[in-house]
Ligand code: 6GU
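Residue numbers (UniProt numbering): 25 to 262.
Right, dumping it as structure tokens:
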């Protein structure tokens, strides 16, 4: 096993969920990664003891108790290890962060339910915070599944042949070029000529142009970063 995810949650039944199927599921069965879902309730002390309580200062929702979360983290973290709390307040996940997480031997993901986790345990345990984007989920579990899926597809042996130098993919900082399969004409729509030409250099150039055009039109933010990267690598060559 090259990589492990430990997930702290009050809904351990949500795991592996979709991660048990398809690419991630096959890799899980093959032992290329490992998953444990740990029920936070185990650490609540007593059958009816609760994981959450009302917020000091009033207001809606509930807050996860620091003592319960601390006991759960104490049980799963090796000395010196840190946990990741999934929250819209966190650093927004991108492919660079996914690569970094894939390079670690393990991640411990804390999923909050209710509104929040008591701030003191986040500080005392120096918990990292990661968000999967600017919208609000009802809990961290779907975010944990997204993060794990993004990491697992990068693990050695999971995707089959790695995509060359990833020239035409998101790894290069571009959106995907358009794809086509049979039939060559469908509902009066033809596949672009160049793709039927067998001219691999022209095909590569066409795909790159398409990827650049789509990125420029749809994601000016990615396009600006891509142009910067191109200029940087030209500078290094010189
Ligand atoms: Cl990581 N958690 C929750 N609850 N909502 C989110 C999120 C995480 N990322 C975006 N929205």
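Note that the Cβ used here is the ideal one computed from N, Cα and C, for glycine as well. Small disclaimer: the values here were computed from a predicted structure and weren't measured.
- Taken atom to atom, the span from the alpha-carbon of residue 116 to that of residue 33 is near 21 Å.
- Between residue 178 and the set 208, 128, 147, 45, the nearest pair of CA atoms involves 128.
- When distances are taken from the beta-carbon of residue 215 to the heavy atoms of the ligand 6GU, even the shortest one reaches 6 Å or more.
- In this structure the region 25-41 lies against the region 165-173, because at least three pairs of beta carbons, one per stretch, are closer than 8 Å.
- The alpha carbon of residue 67 has as its nearest neighbour, out of 95, 47, 52, 43, the alpha carbon of 95.
- Secondary structure note for residue 244: it is in no beta strand (DSSP E), and the uninterrupted alpha helix (DSSP H) holding it is 244-261.
- With a cutoff of 7 Å on beta-carbon distance, residue 255 and residue 247 are scored as not near each other.
- Counting other Cβ atoms within 10 Å of its Cβ, residue 231 reaches 16 or more and is therefore classed as buried.
- Considering only 184, 79, 203, 175, the residue with the shortest C-alpha distance to residue 143 is 79.
- Where residue 167 is concerned, the enclosing alpha helix (DSSP H) starts and stops at 165-176.
- Within the region 75-144, the alpha helix (DSSP H) runs of at least 4 residues that lie entirely inside it are, in chain order, 90-100, 119-126.
- Per the coordinates, the alpha-carbon of residue 84 lies some 48 Å from the alpha-carbon of residue 203.
- Taking all protein chains shown into account, residue 174 has 16 or more neighbouring C-beta atoms within 10 Å of its C-beta and is therefore buried.
- Of the candidates 27, 31, 48, 30, 48 places its Cα closest to the Cα of residue 183.
- By the Cβ criterion, the region 144-163 is in contact with the region 104-114, since at least three pairs of Cβ atoms, one from each stretch, lie closer than 8 Å.
- Per DSSP, residue 153 is one residue of the beta strand (DSSP E) stretching across 152-155.
- When secondary structure is reduced to three states using DSSP, residue 30 falls in the strand class.
- At a Cβ-Cβ threshold of 7 Å, residue 141 and residue 64 do not count as neighbours.
- In this structure residue 26 is not in contact with residue 130, their Cβ atoms being roughly 10 Å apart against a cut-off of 8 Å.
- By the Cβ-count criterion, residue 221 is exposed, with fewer than 16 other Cβ atoms from all chains shown falling within 10 Å of its own Cβ.
- Where residue 61 is concerned, the enclosing beta strand (DSSP E) starts and stops at 58-63.
- According to DSSP, residue 232 shares a beta bridge with no other residue.
- Membership of residue 55 in any alpha helix (DSSP H) is not indicated, and neither H nor E is assigned to it by DSSP.
- Taken through DSSP and simplified to helix, strand or coil, residue 240 comes out as helix.
- A straight-line Cα-Cα distance of about 26 Å links residue 245 and residue 262.
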